[in-house]
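Participant:
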Amino acid sequence: MIEDPITVGPKLSSKMVGRAQGLYALASQEEIGLLMVMNFAFIEGKYNGSSQGRTHVQTSQVPYLVEIPGSATGSSISVLGRNTVFSKVREMPVIGGSGLFRFARGYV
């Protein structure tokens, strides 16, 4: 189980605006690979109370935000995927969403 801060920027000292909540499990015997499922809950700013208003980006295990234009209050993005921890570049698929992001597809 995880509950990590979502911040405005990639530095740990950046302002926290929410929490990434979910779970992960080891998914490889060859390398450190995680199967990850996360939800995003905002606690401050215009997306307070929204399950998602911006997309989640992960660098060195520190989540931070990238602005998505438009109103996303009450919308969510569903992300489920394998995270090969030591890979320089990795993708986690967007498998759907709600509200503004209904039928969303892509990756983060």
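In the numbering used here, the protein residues as written are 2 to 109. For glycine and all other residues, C-beta sits at the position ideal for the given N, C-alpha and C.
#1: At the level of alpha carbons, what is the spacing between residue 90 and residue 32?
#2: Tell me whether residue 109 sits in a helix, a strand or coil according to DSSP, three-state version.
#3: For residue 4, name the three-state secondary structure that DSSP assigns.
#4: Just the Cα atoms here: how many angstroms apart are residue 106 and residue 96?
Facilitator: Short version:
#1: Each residue's Cα considered, the two are about 15 Å apart.
#2: Residue state, collapsed to three classes: coil.
#3: Here residue 4 carries a strand assignment [DSSP, helix/strand/coil].
#4: When rounded, the separation of the alpha-carbon atoms in residue 106 and residue 96 is 6 Å.
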